[in-house]
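At position 193 of the sequence shown the residue is numbered 192 (numbering that gives the first Met the number 0), and the sequence of numbers has no breaks.
Data first, discussion second: the structure below is written as structure tokens.
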Amino acid sequence: MHLVLPEAAWQQLLDEFARQRPGVERIAFLDGYRRDEVSVVTTVVVPDATCEPGYYTVTADQMSEAGAHFRKYGMQRLAQVHTHGDGRLGHSDRDDKMAYSQREGALSLVLPEHAARRPRPSEGLLHVRTIDGWNALDPAEAEVAITVVPSFVDFRRTPWTTSRHATKRPWAAAWHRLTSAARSLSRSSSRRK
Ligand SMILES: [Zn+2]
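So, in structure tokens, the structure goes:
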């Protein structure tokens, strides 16, 4: 079991977690494709969950809504990520029961402090569903289980925007805005007289 997680997907998950009422748990799913032992995340899904300071609830209807795209794209759910308010990251009994799947190999990552400090996946506690329940992995096992890969790699040494051509244009646009603002200002002040 090995989860490949694009950096852009992780950043988007953190962005969406940040766009939520402070002090309550956050929950999202990581979807994508699995071949043999390797799963590749392509998509972050945030369900319309009820989020409270100590727990979250995803109803059956909200869960099926959050999986409505599976068939169309041949996609599957690979992991869930949710937050706790402090640094205690173990699954509660409720977390065990409410997990998106009880199939062997299902993954559940718990992040500290409602992810407010934009943690890396390795700062969370990764749980895996085994035949006898949910178990937290030790850091070495978790390190192997999730690999964050870059989403963008850029080797260009002279970006177009630093060329003389490009820098001239914003100046021209700024000058145009300034002069038309001055014109409309003088028009409105002459109207007031
Ligand atoms: Zn929890």
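We treat Cβ as the ideally placed atom computed from N, Cα and C, and that holds for glycine.
Anticipated Cβ contact below 8 Å, residue i with residue j, distance rounded
i	j	result
T146	L12	Not confirmed; about 16 Å, so no contact.
V39	P46	In fact, because the Cβ distance is near 21 Å, the residues do not count as touching under 8 Å.
I61	A78	Inspection of the sequence shows that residue 61 is occupied by Gln rather than by Ile. With 8 Å as the limit, Q61 and A78 do not qualify as a contact, their Cβ atoms being about 18 Å apart.
L125	L108	5 Å
H83	E24	7 Å
Y74	G31	With the sequence shown as reference, residue 74 is identified as Met, and Tyr is not the correct amino acid for it. Yes, they are in contact, since the Cβ atoms of M74 and G31 sit about 6 Å apart, within 8 Å.
P52	G22	6 Å
Y99	F28	6 Å
Euclidean distance between Cα positions of residue i and residue j
i	j	result
G86	E112	7 Å
P138	R93	23 Å
L2	C50	26 Å
R116	L184	45 Å
R201	K71	Because the chain in this structure spans residues 0 to 192, residue 201 falls outside the shown range and cannot be described.
R176	W159	24 Å
V80	A171	48 Å
T157	A67	44 Å
V152	R182	46 Å
S63	R18	23 Å
DSSP-derived helix/strand/coil call for residue i
i	result
H113	helix
S107	strand
R214	Residue 214 lies beyond the range of the chain shown here (0 to 192); nothing can be said about it.
A59	helix
A135	strand
F28	strand
P158	coil
P211	Nothing in the structure corresponds to residue 211, since the chain is present only between 0 and 192.
H83	coil
H126	strand
R182	helix
Q11	helix
L177	helix
R93	helix
A98	coil
P21	coil
Residue i at chain B interface by Cβ criterion, 7 Å
i	result
P21	Structure shown: chain B not included; a single protein chain is present.
Same chain, Cβ closer than 8 Å to residue i, neighbours up to 5 away in sequence not counted
i	result
K192	Any reading at K192 needs caution, since the residue's pLDDT is 45, under 50, leaving its predicted position unreliable; the model's value is listed next. Once the five neighbours on either side are set aside, K192 has no close Cβ partner at all.
G20	One detail in the question is off: residue 20 reads as Arg in this sequence, not Gly. For R20, where only same-chain residues beyond five positions count, the Cβ hits under 8 Å are C50.
F69	D30, Q75 and R76
V143	H1
Proximity to residue i [Cα-Cα], best of the options
i	options	result
R33	I26, T157 and T41	T41
Y54	V148, R176 and M97	M97
A141	R119, F16, W174 and S91	R119
D35	D14, V143 and G104	G104
Q101	V80, S91 and I130	I130
N134	A172, W159, D95 and H175	D95
C91	T178, V37 and G132	What sits at residue 91 in the sequence shown is Ser, not Cys. Among T178, V37 and G132, the Cα nearest to that of S91 belongs to G132.
Contacting residues, own chain, Cβ-Cβ under 6 Å from residue i (five flanking each side not counted)
i	result
A65	V44 and P46
Residues near residue i in its chain [Cβ-Cβ closer than 7 Å; skip 5 each side]
i	result
S150	P5, E6 and A7
A114	L13, F16, R25 and T82
W9	P120 and V147
A180	none
Closer than 6 Å: residue i CB and nearest ligand 3 heavy atom
i	result
D94	Ligand 3 is absent from the structure shown, which contains only ligand 1.
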